[in-house]
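Here is the structure we will look at, set down as C-alpha cells.
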Amino acid sequence: MIEFILAKYNYWIYIVLMMIGFYAIIVKENLIKKIIGINIFQTAVFLFYISIAKVKGGTAPIIWEKAGPYDNPLPHVLILTGIVVSVSTTAVALALIIKIYKAYGSIEEDKILEMKEETVPLSIKGSKKNSEHLTSDSMLYTDE
Amino acid sequence: MIDIILLLFLVICGFVAVAMNDLLSTTIILGAYSLIMAIVWTRLNAVDVAFTEASVGAGITTVLIIAALSRTQRMEAQILAGGRSKKYEKYKVKRLLLLMVILVTGGILMYGTIDMPAFGNPNDPANLHVVPRYIKKTYEETGVVNFVTAILANYRGYDTLGETSVIFTAGLSVILLLRRKK
Numbered sequence: 001m002i003e004f005i006l007a008k009y010n011y012w013i014y015i016v017l018m019m020i021g022f023y024a025i026i027v028k029e030n031l032i033k034k035i036i037g038i039n040i041f042q043t044a045v046f047l048f049y050i051s052i053a054k055v056k057g058g059t060a061p062i063i064w065e066k067a068g069p070y071d072n073p074l075p076h077v078l079i080l081t082g083i084v085v086s087v088s089t090t091a092v093a094l095a096l097i098i099k100i101y102k103a104y105g106s107i108e109e110d111k112i113l114e115m116k117e118e119t120v121p122l123s124i125k126g127s128k129k130n131s132e133h134l135t136s137d138s139m140l141y142t143d144e
Numbered sequence: 145m146i147d148i149i150l151l152l153f154l155v156i157c158g159f160v161a162v163a164m165n166d167l168l169s170t171t172i173i174l175g176a177y178s179l180i181m182a183i184v185w186t187r188l189n190a191v192d193v194a195f196t197e198a199s200v201g202a203g204i205t206t207v208l209i210i211a212a213l214s215r216t217q218r219m220e221a222q223i224l225a226g227g228r229s230k231k232y233e234k235y236k237v238k239r240l241l242l243l244m245v246i247l248v249t250g251g252i253l254m255y256g257t258i259d260m261p262a263f264g265n266p267n268d269p270a271n272l273h274v275v276p277r278y279i280k281k282t283y284e285e286t287g288v289v290n291f292v293t294a295i296l297a298n299y300r301g302y303d304t305l306g307e308t309s310v311i312f313t314a315g316l317s318v319i320l321l322l323r324r325k326k
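Protein chains in written order, with this note's numbering: chain A, 1 to 144; chain B, 145 to 326.
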C-alpha cells in the first residue's frame, strides 16, 4: 500500500492542481480569473508530461562523460512547444477581453450576458442609416 | 522530501490565486506559481523546459495579464453573500452542481492513475519507443550535445515550424484586435 502511494502521489497532486484550474474556469464569472484558471490547468498537464519523462537515477538529457541513463527528452520537446502555444493563446484571450471591456464596460460574464439579452445587436440598429455598420467589427463599438 | 514540499506549495499557490478577490494579487501569485513550477522542473531534470517556463510563464504571462488589467478593472465583482437575493441563491445552486462535476472528473482521473506506470520507472512505455534511438544516434547524426535541442530543431523541425506559425498568428490577431480605428 505504502509503495503504491509513493509511486503515484505526484500524479494525484497534478490532478488536484488541474481541478483547481478547472474550478476557476467553470465557476468564476470574471473573465481574467478564467484565463488564470486555464493557465493553472495547462501547467498541471505540462507537469504531468515532464514527470512521465523522469527515469529513476537519470540525468538531464545532455551528453557528458559521467552521465548515467538519460531522462526521456521527447516530452521535454513537446512541452517546450506547449508552453509557447499556451502563452500565445493567453495573449489572444486577453486582447479579446480588452475588446469586451470596451464594448460592455464589464469583464464579469453574468453581467455581459444580461446586457446582451437586453440590447438589440448593433448591426441591426445601424443598418437603416448606412451599410458601414454592417462590417464585421462594428459589433464591438458601442460608443460610436 | 523537498519535492513534496514544493508540490504542496504549488497547490497552495494555485488555490490562493483562484480564491483571491484582487486580480493584481492573483497575477503576482500566478507568477510565483510559475517560478516554483520551474524549480520543480529543474528537480525533474527538464532544464530547457524550466528556463522557458521561468522566462515565458513567470515573465511574459504576468506582464500580459497586468497590461490587460490596466485597461480593464482590478477588482473581481463579488456576489454578496449577506443578501438573500434570488441571484445569490441561483449562484449557490450552480456552484454546487459544478463542484460535483469537478469532484467526479477528479475522481475519474484518480481512478485512471491506478493503471499508470510507477513514477520514475525506466520501462515505462513512454521511454521505450523512439527515444532510445534518439539517444543512441543524436550525436552521430546531428552533432548536437543537447538531445532536446537536437529533437526540437532537427528530428521534429516541422513541429517547431508549426509552433512558430501559431505565435505569428497569435501576434497578428492581437494587433488586429487592439489597433485603433481611424
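Beta carbons: idealized from backbone N, C-alpha and C, even for Gly.
- Here the region 57 to 65 of chain A makes contact with the region 189 to 204 of chain B; the two share three or more CB pairs at distances below 8 Å.
- DSSP links Asp166(B) through a beta bridge to Met219(B).
- One Cα belongs to Thr205(B), the other to Ala163(B), and the distance between them is close to 19 Å.
- Contact with chain B is absent for Lys116(A), since none of that chain's Cβ atoms lies less than 7 Å from the residue's Cβ.
- The beta carbons of Trp185(B) and Ile36(A) sit about 20 Å from each other, so the pair does not count as a contact at 8 Å.
- Annotation: the continuous alpha helix (DSSP H) that includes Leu78(A) extends over Pro73 to Tyr104.
- Burial check for Asn165(B): the Cβ neighbour count within 10 Å stays below 16, so the residue is exposed.
- Residue pairing from DSSP places Thr59(A) in a beta bridge opposite Tyr70(A).
- Around Val45(A), no beta-carbon contact reaches into chain B at under 8 Å, the shortest distance being about 11 Å.
- Listed along chain A is no residue with a C-beta nearer than 8 Å to that of Asp259(B); the closest approach is about 10 Å.
- Chain B places a beta carbon closer than 7 Å to that of Phe22(A), counting this residue as a contact.
- In chain B, no part has a C-beta under 8 Å from the C-beta of Met1(A); the shortest such distance is about 13 Å.
- One thing to note: Thr196(B) has its Cβ within 7 Å of the Cβ of Ile83(A).
- Taking a Cβ-Cβ cut-off of 8 Å, the neighbours of Lys33(A) in chain B comprise Val162, Leu167, Thr170 and Glu220, given in sequence order.
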